[in-house]
Structures are given as C-alpha cells and as structure tokens.
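Comments concern the structure below.
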DNA sequence: CTAACGCGTTAGTGGACGCTTACGCGACAA
DNA sequence: TTGTCGCGTAAGCGTCCACTAACGCGTTAG
C-alpha cells in the first residue's frame, strides 16, 4: 500500500506546494481555482499537484472539463504516523538521558 | 518564539538530512559519529546539521573538542501541531462534503 | 461542426542546493 | 609549545528543480 513515487516530506518541502496543500486541506479545489491567488501560473500548479499526487497526499477526480483535487487522508495519516514515531522516540531518548546522564552521548 | 531561518518541512525534505534526524531521534550524537555509516563526508553532515538547527529541530552543546547534537522537542512539537491542523481540517472538510455533496467543489 | 474552456505535458532556462576538497580555529595531550 | 583531534566554513562544481511559454487533447456550449 506504500511505495510512493516521492516522500511526503519532499512533497511538502516547497513553499508553493505547501500553500496549495493548505488550500486543499480546507476544501476540494479545481486546478484553475487554485492558481488564482497564487504567484505562479496554472501549469506550475498542475505540476505541483502531480508531485503531491505522486506522494499520495492528494487524489483527483474528473468533473466535466475540470479536475477536482482533494487531500487523501491516507497519505496524510502516514506522515502523521511517521512524525509521531519521531516524537515518541525523542521522548524516550530524553527519559533515558535523565536516568543515565553520563551515557547520554558517546 | 518562532521565526526560524527555514521551515521544518524544508529541513526534513532531503533524504540525507532525514537520515541524520532519524538518528538523532534515537539518542544524541557527535558530528563525526553521525558521519560514520552515512554515504557523505563529515563536512556535509555539518552543513545538514546547520540547516536542521536553523529550522529549530536540533540543538547543539559543546563537549570538549566534540559538539553534541540532539533533537529539540519544541521544534518537533511545532511541526506536529501544524500537521495536526492539516489533519483536523481535512476531516472537517470531509464531514462538510458528506453533508452537502453538491457543494463539495466550486 | 466549430469555438471556447479547462487541464496536462513538453522544452527550455535560471537559480537553488547538496556534495567535496581545502583551510582555519578551538580544545586536549605530550 | 607543539602536535593531534574534532568541527565549522569557504570555494567550486554538478545536478536537480521550480517556473514559464507553447502546444495538444478531451469536454461542453453554440
């Protein structure tokens, strides 16, 4: 169920792409509507959506001439799980450092 | 308390930098120890740590000749909060779409 | 059928970025 | 002090990537 073309982290790295994603988080959007208000052209938005789709963060649906994009909860949940793992391990490392301060480093 | 040089998303975008961070999540490391096992040289690791530090994800501490890096829980928590916001809004958008399917798009 | 709309894709370009090599500085040992 | 270790930084280079302009395809309206 995994094996995405690119990582979610890499997909959300670009500021423009993050701005697009933050919009899609609110509600579904068509490509042209997304381009309005963004400092880039519509083709650029289309390319960014392709990356987000490749990372499993968004899905698209045809609606007549237009193409509606929305956030894919599954991809977002996977990122959340990965980050939660970082958080848990960080806290565990802190606890271990408190118990054995002299062995905190190496 | 914010105003980092670069975003946490951008900092964790690079695979090498993510590998470094995943190591630091386990326990604190010195720069040279991090470089061991990574396919890059020590200066490269040092530059990556600079970026991670600029994003508020890690902090450093001098220990004799060596410099110990560890994860900064505050920066990680901020990323987590941002992602949780995405998640909450996504679920809200889904709920709204179910209640008014015909107005899901625009 | 013809025209207009919305979108994806391509080619091309400028700038950002990750990496290495070389160098300089502070810290500890002899 | 002299030598060594660990680290940060500067310079240079190759590569990736975000962006635009131009084009082609499917869809709807007239």
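Residue numbers (this note's numbering), protein chains in the order written: chain A, 88 to 193; chain B, 88 to 193. The C-beta atom is built at its ideal place from N, Cα and C for all residues, glycine as well. Keep in mind the model is a prediction, meaning the values are calculated, not measured.
Burial state of residue 123 of chain A, where buried means 16 or more other Cβ atoms lie within 10 Å: Residue 123 of chain A sits at position 36 when you count from the first residue of the first chain. Exposed.
Length of the line joining the Cα atoms of residue 143 of chain B and residue 115 of chain B: By 1-based counting over the second chain, the position of residue 143 of chain B is 56. By 1-based counting over the second chain, the position of residue 115 of chain B is 28. Looking at the two C-alpha atoms, the distance is approximately 15 Å.
Cutoff 8 Å: residue 125 of chain B Cβ touching any chain A Cβ: Residue 125 of chain B sits at position 38 when you count from the first residue of the second chain. Not flagged as an interface residue toward chain A: residue 125 of chain B, since no C-beta distance is shorter than 8 Å.
Burial state of residue 128 of chain A (16 or more Cβ within 10 Å): Against the first chain, residue 128 of chain A aligns to sequence position 41. Exposed: under 16 other Cβ atoms inside 10 Å.
Neighbour-count burial assignment, residue 173 of chain A, 16 or more Cβ in a 10 Å radius: Looking up residue 173 of chain A in the first chain gives position 86. When all chains shown are included, residue 173 of chain A counts as buried.
Chain B within 8 Å of residue 112 of chain A, Cβ atoms only: Counted from its first residue, the first chain places residue 112 of chain A at position 25. For residue 112 of chain A, the answer is yes, since a Cβ of chain B falls inside 8 Å of its Cβ.
Alpha helix (DSSP H) segment containing residue 120 of chain A, residue limits: The residue you call residue 120 of chain A lines up with position 33 of the first chain. That run of the alpha helix (DSSP H) goes 118-122.
Residues sharing a beta bridge with residue 157 of chain A, DSSP: Here residue 157 of chain A refers to the residue found at position 70 of the first chain. For residue 157 of chain A, which the question treats as bridged, DSSP gives the partners A:146.
Nearest-angstrom Cα separation, counted from residue 140 of chain B out to residue 104 of chain B: In the second chain, counting from the first residue as 1, residue 104 of chain B sits at position 17. In the second chain, counting from the first residue as 1, residue 140 of chain B sits at position 53. Straight-line measurement puts the Cα of residue 140 of chain B at about 11 Å from the Cα of residue 104 of chain B.
Test: residue 215 of chain A CB closer than 8 Å to a CB of chain B: Because chain A here runs from 88 to 193, residue 215 of chain A falls outside it and cannot be looked at.
Check whether residue 178 of chain B and residue 167 of chain A have beta carbons under 8 Å apart: Within the second chain, the letter at position 91 stands for residue 178 of chain B. Within the first chain, the letter at position 80 stands for residue 167 of chain A. Going by C-beta atoms, residue 178 of chain B is not nearer than 8 Å to residue 167 of chain A.
Neighbourhood of residue 194 of chain B by C-beta, 8 Å cutoff - its chain only, sequence neighbours within 5 removed: As displayed, chain B neither begins before 88 nor continues past 193, which places residue 194 of chain B out of reach and without an answer.
Straight-line Cα distance separating residue 159 of chain B from residue 184 of chain A: Mapped onto the first chain, residue 184 of chain A falls at position 97. Mapped onto the second chain, residue 159 of chain B falls at position 72. Approximately 14 Å, taken between the alpha carbons.
Pair within 8 Å by beta-carbon distance, residue 117 of chain B and residue 155 of chain B: Counted from its first residue, the second chain places residue 117 of chain B at position 30. Counted from its first residue, the second chain places residue 155 of chain B at position 68. For residue 117 of chain B and residue 155 of chain B, yes; Cβs fall inside 8 Å.
8 Å CB neighbourhood of residue 145 of chain B in its chain, flanking five on each side removed: In the second chain, residue 145 of chain B corresponds to position 58, counting from 1. Excluding sequence neighbours, residue 145 of chain B sits near 108, 111, 136, 139, 156, 157, 158, 159, 162.
Enclosing alpha helix (DSSP H) for residue 111 of chain A [first to last residue]: Here residue 111 of chain A is taken as the residue at index 24 of the first chain, counted from 1. Where residue 111 of chain A is concerned, the enclosing alpha helix (DSSP H) stretches over 102-113.
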